[in-house]
Every structure is written in C-alpha cells, then in structure tokens.
Ligand SMILES: Nc1ncnc2c1ncn2[C@@H]1O[C@H](COP(=O)(O)OP(=O)(O)OP(=O)(O)O)[C@@H](O)[C@H]1O
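In UniProt numbering, the protein residues as written are 1 to 259.
Next comes the structure, spelled out in structure tokens:
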C-alpha cells in the first residue's frame, strides 16, 4: 500500500430495512491523520453507517476496507481486533468495577493477556502502570478507585475514551462523545480528541451535534441525508453551502446543533 492509500474505505455501503434505505451506496475514503465529522438531520443514517463500519450491522451490499483488507464479513469483535475502535456511549463500561479496573481490563485485552499471564506480577504491574497512565491522560487519575456506577456521566465518558485509547485502534469512532456532558466537561473531551489527532497516525470519525465546537477540529465534513452522502469537503465549504444549510442542516445558522 502506498502512503496515500486510504486507511479506511467504504465502497457502495448500503443497508436496507425492508424497503427503507437507511444507508444507501455510501462510498468514502479516510486517510491517516485526518478527522472527519459526519453530520445530517435526525434519521439521516449516521449511527447506522457507524454500525456498518464497526460491524454491529451487516451491510445489505457494499464493502468496508481497513488498510486494504475487506472486513465486510467480519463481526464487530474481529473488526475491533483489526483496529476499528468505537466508543459506545458507556455500554463498554463495567459499572461494578473501579475506573482503574476497567482500564486494566482493556489494556490486558489489547495485549491478549490470558489468565496465566495476568498472574505474573511483572506483567500485572506493566498493565496497571499503563492503565494508570491512561487514566491520567483523560484527567481521571483522582477517580482511579471510584466505582464506575458512582461516577458522574462526564467522568464515565472520559473513562470510555481511556478504554478506547487502551485498545490502540487505528481508527477512532466517536458517536456524540460530548452528549450529556456539562459545559465544563466538553473541552476536556475535545482536547483529548485533538491530542489523538495531533499524533497524525490515526483516522478519527466523529458524529457530533455541537458543530460550533468541533468545526475547528475537523479536516472534513461529510453530510448524510436520507441515508445518502450529499456533501463531502472542507468544513467551511460544506457549511457555507446553502443547499446543506437549508435542506440538510435545517438552519441558516451553521454554528449550532446541526448534526
Ligand atoms: N434496525 C433498524 N430497523 C429498521 N429501521 C432502522 C433500524 N436502524 C435504523 N433504522 C432507520 O434508519 C434510519 C437512520 O437511522 P439512524 O439512527 O442511523 O439516523 P441518525 O442519523 O443517526 O439519527 P440521529 O441523529 O437521530 O441519531 C432511520 O429512519 C431509522 O429509523
């Protein structure tokens, strides 16, 4: 593969529920070091398209390729193993474990650490150290021993990012990472995403309603409408398009609530 080859690609990706084309013929390429935000009105197909990428849903037709490998027939776990990492709005967290224990499990799973290795104290220390480091990365070290069930929503979302970082994916998929967060917490998550992007070695995909805050982060905006890709380009260009503002974003004010 050449340097310019896309890391992730969808080819004519589609899923039809009965006669309803929830995602229809979406072809897109994503390159290393880029952050793309996916927007569109409610029901446009954003989450369904994410589900098709991560393997929660199987395509009616079309393909998903990661670094040239066709993942279309693989399930979600196998795709995650290949490097497709998705934050799942808290469903990946174990509420009865502490924050640190959650991250430790993610670090151990990344390194396929089975029961025997888990017993080795040096290995266990490496995993614990890495887990604590990741908690620090998401500004959660002071919560290491808190039960996840007792954490505020914003802290749970930050923890979820730590879990994702632990898996060291090639592609990061964030579905509304700031949903339900307080005004104070939003910048923390955005800063984390900006840091991941700054490393220039990942692909980041974002579905996010708060376009005013993510616009500066995005290299590109893809607009879905009725399951189809209707605009794709640099943020300023896409957001300025009257077609996109009026027909697809439902507003002539591009700065608020457009996803
Ligand atoms: N399992 C399913 N069975 C039938 N229809 C579905 C299924 N999943 C999604 N849909 C339909 O597909 C369309 C796209 O839904 P999707 O949730 O992907 O939209 P979205 O752009 O993420 O919307 P929102 O911004 O409201 O989250 C909707 O019309 C939805 O009702």
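Ideal Cβ positions, reconstructed from N, Cα and C, are used throughout, including at glycine.
Nothing here was measured: the structure is a model prediction, and the numbers come from that model.
Please return the same chain residues whose Cβ sits closer than 7 Å to the Cβ of residue 46, not counting the five positions on each side in sequence.
38, 40, 207, 224
Indicate whether the contact test is met: 3 or more Cβ pairs, each with one atom in the segment 75-90 and one in the segment 167-174, closer than 8 Å.
yes
Is the Cβ-Cβ distance between residue 203 and residue 50 less than 8 Å?
no
Hey, residue 98 and residue 144 are a contact pair by Cβ (cut 8 Å); roughly how many whole angstroms apart?
7 Å
What do you reckon, is the C-beta of residue 44 under 7 Å from a heavy atom of ligand 1?
yes
May I ask you to report which of helix, strand or coil DSSP gives residue 254?
Below a pLDDT of 50, predicted positions are generally treated as unreliable, and residue 254, at 43, falls in that range; no measurement from the model is reported.
What do you reckon, are the CB atoms on residue 175 and residue 87 nearer than 8 Å?
yes
Which of helix, strand or coil does DSSP assign to residue 210?
coil
In whole angstroms, what separates the C-alpha of residue 198 from that of residue 191?
10 Å
What three-state label does DSSP hand residue 21 in the structure shown?
strand
Would you report the Cα separation of residue 21 and residue 155, rounded to the nearest angstrom?
36 Å
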